[in-house]
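Quick notes on the structure that follows.
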Amino acid sequence: MIEEVGTTELGELVVNLGPQHPSTHGVLHLVITLSGETIKKVEPHLGYIHRSIEKMCESLSYRQFIYVTSRMDYLSSHINNHGCALCVEKGMQIEVPPRAKVIRVLMDELTRLASHQLWWGAMAMDVGALTPFFHAFREREAINDIMEKTCGARLTMNYMCPGGVSFDLHPDFQKEVKAFLAFFRGKLDEYDELVTDNVIFQGRMEGVGYLSREAAISYGCSGPTARASDVSCDVRKLSPYEVYDQVRFEEVTGTGGDCFARYNVRMGEMRQSMAIIEQLIDNVPEGEFQAKTKAVLKLPKGEFYSKVETARGEFGVYIISEGATTPYRIKFRSPGFSNLSALDHMARGHKIGDLVAIMGTLDLVIPDIDR
Amino acid sequence: MLSIENITQSIDAWLNRAFSPSVATVLEGVLVGLGAITFFAVLGLVLVLMERKVSAYMQIRLGPNRVGPGGSLQTVADTLKLAMKEGLIPDGADKFLFNLAPFMVIVVAMLILAPIAFAKGSQLWDINIGILYVSAVSSLSVIGILMAGWASNNKYSLLGAMRSGAQIVSYELSAGFSVLSIVVLTGSLQISDIIASQQDGWWLFKGHIPAVISFVIFLIAVTAETNRAPFDLAEAESELTAGFHTEYSGMRFALFFLAEYVNIFIVCAIAATLYLGGWMPLHIGHWSGFNQVMDYIPSSLWFLGKTFFLIFVIMWFRWTFPRLRIDQLLDLEWKYLLPLSLFNLLLMTLIAIEGWHF
């Protein structure tokens, strides 16, 4: 047990950053050891928002447990639901109709856009620029409105279900998404002008929080965090699900490994997501939006795993079934947990301000880490 | 024509008629003191509202719009709220220093107000070393901030105070050199002389490029000195929650808040005095017709207009720039601004000696 208050023998200052702190974006508790302003050690303490979701899932049916996963990474609830639905479909060997597949990908990419928008605003706020936060929320609001019309929800969507999606698309969906894309393309350039090209911002980002390729792999990082260190790890490319193998998009990688590389990867991903949506929005096949499934789902005895690419990285669902109506054990592999583990490695030797910037580029969502 | 000059002169004449000269002087002192305190409070209210409105329009919001017409009484309501709040003193805090710090900061801000010329003939104290006095007193505010950070018994406050100390001491140099470059041109430290020397044009236009450079350096340096974004490291909300005033609440916090805004006003007023002619209307050389038209605008409006324009610029900085890191902040000062302002002072001296300015 380390001394949480006071100073160490070397005269270093031990500061508790969080669990209530404006830049930990939730209830993350970091115990940082400082020498002056320089960080000697960062130790994340978890558990402040642990709701034992994995245990809860053991008493919920295969239709019900998906809804709990919206509460994990609340910024990409569609994609979490998607991963769980995929895993159940794998176990039950349900064939998803083509229309549902395309709808799912469209929703995933819109979620990724919304998540990255919020990240962009929060990231800028972490380095001290407050205005981008409001601009980001304006654009995110447009996506939320689109989602609300189809799914009936704005945050915890609960739209994907085993066999497809819960409801068909709203008749206005395609028109509104196209209008949003046209509107957002201009705004994305504005984002670059306001933040990316700012000299102070680049100074704060470049060369800060370096994560080598080897370190990224050994810490199990995934998503934009790992791709910025030149690790090709996009699940959509490596093991495509739904229609990701039929659309053209690039896996955005960077070579810098620093905060600016992570920033640029996410900005690039927003453009790629828009490209995917553009290819699919006019090509949603007609037909069923949900496969015919039994009222009560029973997975056969065995172990099933599926993974999807959320806005933060690889999200894995591992189900052990004993053949009952509820899972015997469920394990989620959340991207945020592994990405957070690299924080100490990245932050050592930097200043306090850099720690906040590094946390910003990791795009941490605490309920996803604690579950 | 209504101007502050006429008002002050008529009050002075009336007092001297009604009382003996010595009593009149004392009464004038009391009036001026009351006036300064009222001005101080009103200024704080106006500037806080202005900041909130400016930030709102930059952030696609409306800003305060419920209390009073257009939200104009919002800051009054906020002040009342703060006045009624309990002022907590944290455990283990140095009570004496903790209570003294906000007053230190506010008194320093009030002291600097003394030599500023608000309009033609409205200056509290036209001391002959006016600008030197301003530079000297303004560096005292760092003591208040250090006191607050140290006495709070909070690590965030201490870190904020440490940063603030390094920052203000560094940027004082650049601000000082920028001020010196104008002093070199006018040959006087007295504020009324500096304003009078801009009778035929403001130094920003008369002093060639070196004046523009020193104006820009001065604006950057005073932004840093007043702990405003992008140099708000002492507060650094996302890093140190609220920096040196994390532990302050109620009226003590309000005093820090008020001092911040009054300091902004003061530095902008000084920038306006040095580079934009203070209350002096816009005069261009010998265009007497144009100059006469400009003279019809009251001098207090000229002064306030210039000052509030500069305040707007400083607010604009705050709402569009990210914050610098502590080492980058010090790099900017010691590696770029200081050598540049030294060189600039040299150029300016050359211009002043050779008489190349207009």
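Residue numbers (the working numbering), protein chains in the order written: chain G, 1465 to 1835; chain U, 19 to 376. Glycine residues also receive a C-beta, built at the ideal position from the N, C-alpha and C atoms.
Beta-carbon to beta-carbon, G/Ile1607 and G/Phe1644 are separated by about 7 Å, close enough to satisfy the 8 Å threshold. At a C-beta separation below 7 Å, G/Lys1815 has these neighbours in chain U: Arg343, Ile344 and Asp345. Close CB contacts of G/Val1569 within its chain, under the 8 Å cut and outside five residues either way in sequence, are with Glu1706, Val1707, Tyr1708, Val1711, Ile1740 and Leu1744 (chain order). In this structure, the CA atom of U/Phe308 is about 12 Å from the CA atom of U/Gly219.
Contact with chain G is found for U/Glu255, since one of that chain's Cβ atoms lies less than 9 Å from the residue's Cβ. Taking a Cβ-Cβ threshold of 7 Å, none of the residues of chain G is close to U/Ala239; the smallest such distance is about 16 Å. Annotation: G/Val1663 to G/Ser1693 spans about 23 Å, alpha carbon to alpha carbon. Contact holds between the region 1525 to 1541 of chain G and the region 1611 to 1628 of chain G, because three or more Cβ pairs, one in each stretch, are under 8 Å apart. Taking a contact to require three or more Cβ pairs closer than 8 Å, the region 134 to 149 of chain U and the region 202 to 209 of chain U qualify as touching. Taking 9 Å as the cut-off between beta carbons, the residues of the region 1664 to 1678 of chain G near chain U are Ile1664, Phe1665, Gly1667, Arg1668 and Val1672, in sequence order.
Fewer than three pairs of CB atoms, one per stretch, sit closer than 8 Å, so the region 1508 to 1523 of chain G makes no contact with the region 1763 to 1777 of chain G. Rounded to the nearest angstrom, the Cβ distance from U/Pro108 to U/Asn34 is 52 Å, too far for a contact under 8 Å. Under a criterion of Cβ atoms nearer than 9 Å, the residues of chain G adjacent to U/Trp337 are, in order, Ala1593, Leu1594 and Thr1595.
One alpha carbon belongs to G/Gln1754, the other to G/Gly1555, and they sit about 17 Å apart. Contact residues of the region 1809 to 1835 of chain G toward chain U are Lys1815, Ile1816, Gly1817, Asp1818 and Val1820 (C-beta to C-beta distance below 7 Å). Flagged as an interface residue toward chain G: U/Gln77, by a C-beta distance shorter than 9 Å.
Contact of G/Phe1753 with chain U by beta-carbon distance below 8 Å is absent, the smallest such distance being about 36 Å.
Here U/Gly167 has Ser175, Leu176, Gly178, Ala179 and Phe262 as same chain residues with Cβ atoms under 6 Å from its own Cβ, once five neighbours each way along the sequence are excluded. Counting only unbroken stretches of 4 or more residues, the alpha helix (DSSP H) elements lying wholly within the region 1664 to 1688 of chain G are 1677 to 1682, in sequence order.
For U/Ser157, there is no enclosing beta strand (DSSP E), as DSSP marks it with neither H nor E.
No residue range can be given for U/Pro340, since it is assigned to no alpha helix (DSSP H) and is classified by DSSP as neither H nor E.
Around the C-beta of U/Val66, 16 or more other C-beta atoms lie within 10 Å, and the residue is accordingly described as buried. Closer than 8 Å at the C-beta level to chain G, one finds these residues of the region 240 to 252 of chain U: Ala247, Pro248, Asp250 and Leu251. Under the 10 Å beta carbon count, G/His1485 is surrounded by 16 or more other beta carbons and is classified as buried. Counting C-beta atoms within 10 angstroms of its own C-beta, G/His1493 has 16 or more neighbours from the protein chains shown and is therefore classed as buried. U/Arg181 has a beta carbon lying within less than 9 Å of a beta carbon in chain G. Our two residues, G/Lys1639 and G/Ile1610, have alpha carbons roughly 10 Å apart in a direct line. Taking the C-beta atoms as reference points, G/Asp1722 is found no nearer than 9 Å to G/Leu1658. Sorting U/Glu372, U/Asn362, U/Asp313 and U/Trp374 by C-alpha distance to the C-alpha of U/Ser192 places U/Asn362 at the top. U/Thr259 reaches chain G at His1485 and Pro1486, counting residues in chain order whose Cβ is nearer than 8 Å. Take the alpha-carbon of U/Asn83 and the one of U/Gln92: they are about 8 Å apart.
Neighbourhood of G/Phe1598 in chain U, by CB distance below 8 Å: Gln77, Ile78 and Arg79, in chain order. Closest by C-alpha distance to U/Ile149, out of U/Leu360, U/Gly110 and U/Gly194, is U/Gly194.
Annotation for G/Phe1648: Leu1577, Glu1603, Ala1606 and Met1738 place their beta carbon closer than 8 Å to its own, counting only its chain and skipping 5 residues before and after. In this structure the region 1809 to 1818 of chain G does not touch the region 1778 to 1796 of chain G; the number of beta carbon pairs closer than 8 Å is below three. Under the three-state reduction of DSSP output, U/Glu104 falls in the coil class, being neither helix nor strand.
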